[in-house]
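Residue numbers (this note's numbering): 4 to 447.
Built from N, CA and C at the ideal position, the CB exists for glycine as well.
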Amino acid sequence: MNLTAKVLIGMGLGMIVGLTLNWSGTNVDGSFTNQYVVNGLFHTVGALFINALRMLVVPLVLFSLICGVCGIGDIKLLGRIGSKSFALYMMTTAVAIATAITIAAVFEIGKGMNAPTDAVFNAQTPPPLSQVLIDIIPTNPIQAMANGEMLSIIFFAMMVGISILLVGKKAKGLVENVELMNEVMMKMVGIVMSLAPYAVFCLLARAMANLGMELLWQLIWYVSVLVGALMFHMLITLQGTLMIFSGLNPIKFLKKMRNAQIFAFSTSSSNATIPVTLRTVTNRLGVNNSVASFTVPFGATINMDGTAIMQGVATVFIANVYGVDLGISGYLTVILMSVLASIGTAGVPGVGLIMLSMVFAQVGLPMEGIGLILGVDRILDMIRTSVNVTGDAVVSAIVAKSEGKFNMDIFNDPDAGLIDESETQVDIDDEKELAEAVTSTANN
Ligand code: ASP
Numbered sequence: 004m005n006l007t008a009k010v011l012i013g014m015g016l017g018m019i020v021g022l023t024l025n026w027s028g029t030n031v032d033g034s035f036t037n038q039y040v041v042n043g044l045f046h047t048v049g050a051l052f053i054n055a056l057r058m059l060v061v062p063l064v065l066f067s068l069i070c071g072v073c074g075i076g077d078i079k080l081l082g083r084i085g086s087k088s089f090a091l092y093m094m095t096t097a098v099a100i101a102t103a104i105t106i107a108a109v110f111e112i113g114k115g116m117n118a119p120t121d122a123v124f125n126a127q128t129p130p131p132l133s134q135v136l137i138d139i140i141p142t143n144p145i146q147a148m149a150n151g152e153m154l155s156i157i158f159f160a161m162m163v164g165i166s167i168l169l170v171g172k173k174a175k176g177l178v179e180n181v182e183l184m185n186e187v188m189m190k191m192v193g194i195v196m197s198l199a200p201y202a203v204f205c206l207l208a209r210a211m212a213n214l215g216m217e218l219l220w221q222l223i224w225y226v227s228v229l230v231g232a233l234m235f236h237m238l239i240t241l242q243g244t245l246m247i248f249s250g251l252n253p254i255k256f257l258k259k260m261r262n263a264q265i266f267a268f269s270t271s272s273s274n275a276t277i278p279v280t281l282r283t284v285t286n287r288l289g290v291n292n293s294v295a296s297f298t299v300p301f302g303a304t305i306n307m308d309g310t311a312i313m314q315g316v317a318t319v320f321i322a323n324v325y326g327v328d329l330g331i332s333g334y335l336t337v338i339l340m341s342v343l344a345s346i347g348t349a350g351v352p353g354v355g356l357i358m359l360s361m362v363f364a365q366v367g368l369p370m371e372g373i374g375l376i377l378g379v380d381r382i383l384d385m386i387r388t389s390v391n392v393t394g395d396a397v398v399s400a401i402v403a404k405s406e407g408k409f410n411m412d413i414f415n416d417p418d419a420g421l422i423d424e425s426e427t428q429v430d431i432d433d434e435k436e437l438a439e440a441v442t443s444t445a446n447n
């Protein structure tokens, strides 16, 4: 059985166990199950796994991007990849939110609902765009890596790569070593991914056990329209964009994306999913590392189609609940603000709500409105993160295809890049040889 099948089983079982605990009323605050199983065992295993993924992000992005820049062989191409992916990321996000607003307006969600007076939400302020731009150049690259500041890490890694290219032939040894480090990190991604079936079980069992069911029913219209808009964007808009711009087969693409989508769903974080997205995009889809090593971390940071859709639907919903008429100019402001907000906020769990408060402040919607949808946001975050990651992969494939950096043989091979048992098994002969080599170097 391949890994995806195992992870899907873990996911299904996790949902069943979690929902059973929720429905049976076993998971009440202070109960044994709540304390030791849901918030004990499930939480610990899930958190260990997310930590393991996040541990890989910074070194992987650093090494793969240095390799990517060195492997590109043409600095001008770098500029083209950067501008094409930026334009596509912004365009897809704008289309996403416009679609969401339209769908939500057609269904008139929230009309006739009474505005609650007890909802609370403490707005957090996201950084202003000027600061985001200034921070792209880190004053201390080590600190940027320690804090996981993705745009700064991308900038630094690209500068290292460009400088290596300028040093030229002399740096060949260095490049080979960085390539090896990249291979080592990718191996580590394989090891962590092979543990996913158990971790995904725990993550989903906990999320479902803690789900606020009553709230879900109260907000069923909001949730249904939002999920519908997310599916529309992922299956129609994004796949249409992929077909028009790259001619690739969307069915094959979606099949190969399954793993990355499940990881995004289970972790609710595009950032923590970077290692899996990068591996999927290069080894399963056929995007060359020189493109993917840039577009994937860049997309995880600035491209959030799913989050933009949530903002569009939430804005219409709250405006209707509070009886505010935003008008065309109000909605245009929402579109602009959402696109800008997505640049400044990284792909981590729940960040969509922070972006939403920025949008609300701009168009004058009551902040308490966010309190209303807070309770169901956890589950919606999971779904929209999968859409975010799918958008990153679509743009990576389009850019790579347009620059001749796409391997059709990999794309057409259904088994390309699948993780199997051999991933985590040591080759005894290889191991011995390596150990001998190390000992002899030490003796010299
Ligand atoms: N969790 C989302 C992501 O990481 C962001 C959000 O919508 O909250 O992509």
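Inset, instruction - Quick one: give me the first and last residue of the alpha helix (DSSP H) that residue 320 is part of. - result: Element bounds for residue 320: 308 to 324.
Legend entry - Proximity test, residue 310 beta-carbon vs the ligand ADP heavy atom, cut-off 6 Å: No copy of the ligand ADP appears in this structure; the ligands present are the ligand ASP.
Inset, instruction - To the nearest angstrom, report how far apart residue 155 and residue 420 are at their CA atoms. - result: 30 Å
Legend entry - Through-space distance from residue 74 to residue 269, alpha-carbon basis: 33 Å
Legend entry - Ordered list of alpha helix (DSSP H) runs contained in the segment 174 to 230, each at least 4 residues: 175 to 197, 199 to 212 and 216 to 221
Legend entry - residue 290 - DSSP class collapsed to helix/strand/coil: strand
Inset, instruction - Pull up the distance between the alpha-carbon of residue 330 and that of residue 418, whole angstroms please. - result: 50 Å
Legend entry - Close-in-space but distant-in-sequence residues of the same chain around residue 174 (CB under 6 Å, 5 per side omitted): 167
Inset, instruction - Give a yes or no on whether the C-beta atoms belonging to residue 265 and residue 163 are separated by under 7 Å. - result: no
Inset, instruction - Tell me whether the beta-carbon of residue 25 lies closer than 7 Å to the beta-carbon of residue 208. - result: no
Inset, instruction - With a threshold of 6 Å, establish whether the CB of residue 272 neighbours any heavy atom of the ligand ASP. - result: yes
Legend entry - Cβ-based neighbour list, residue 97, same chain, cut-off 7 Å, excluding 5 preceding and 5 following: 338 and 342
Legend entry - Counted within 10 angstroms of its Cβ, other Cβ atoms place residue 146 as buried (16 or more) or exposed: Residue 146 should be labelled exposed.
Legend entry - Contact the segment 250 to 267 vs the segment 368 to 377: 3+ CB pairs below 8 Å: no
Inset, instruction - Starting from residue 146, follow the alpha helix (DSSP H) in both directions and report where the run begins and ends. - result: 144 to 149
Legend entry - Check whether residue 403 and residue 290 have beta carbons under 7 Å apart: yes
Inset, instruction - Hey, could you find the ends of the alpha helix (DSSP H) residue 20 is sitting in? - result: Looking at the DSSP string, the run of the alpha helix (DSSP H) that includes residue 20 is 6 to 26.
Inset, instruction - Please state if the CB of residue 106 and the CB of residue 233 are separated by a distance shorter than 7 Å. - result: no
Legend entry - Distance between residue 431 and residue 274 (C-alpha atoms, nearest Å): 35 Å
Legend entry - C-alpha distance - residue 42 paired with residue 54, whole-angstrom precision: Residue 54 has its alpha-carbon roughly 17 Å from the corresponding atom of residue 42.
Inset, instruction - Would you tell me roughly how many angstroms separate the C-alpha atoms of residue 409 and residue 89, rounded to the nearest one? - result: 19 Å
Inset, instruction - Compute the Euclidean distance between the alpha carbons of residue 113 and residue 187, then round it to the nearest angstrom. - result: 51 Å
Legend entry - Closest by C-alpha distance to residue 277, when choosing among 170, 328, 16 and 391: 391
Legend entry - Contact belief for residue 203 with residue 10 at Cβ below 8 Å, rounded distance in angstroms: Contact flag correct, Cβ pair sits at about 5 Å.
Legend entry - Environment of residue 94 [buried if 16+ CB atoms lie within 10 Å]: exposed
Legend entry - First through last residue of the alpha helix (DSSP H) which encompasses residue 45: That residue, residue 45, is in no alpha helix (DSSP H); it is neither H nor E in DSSP.
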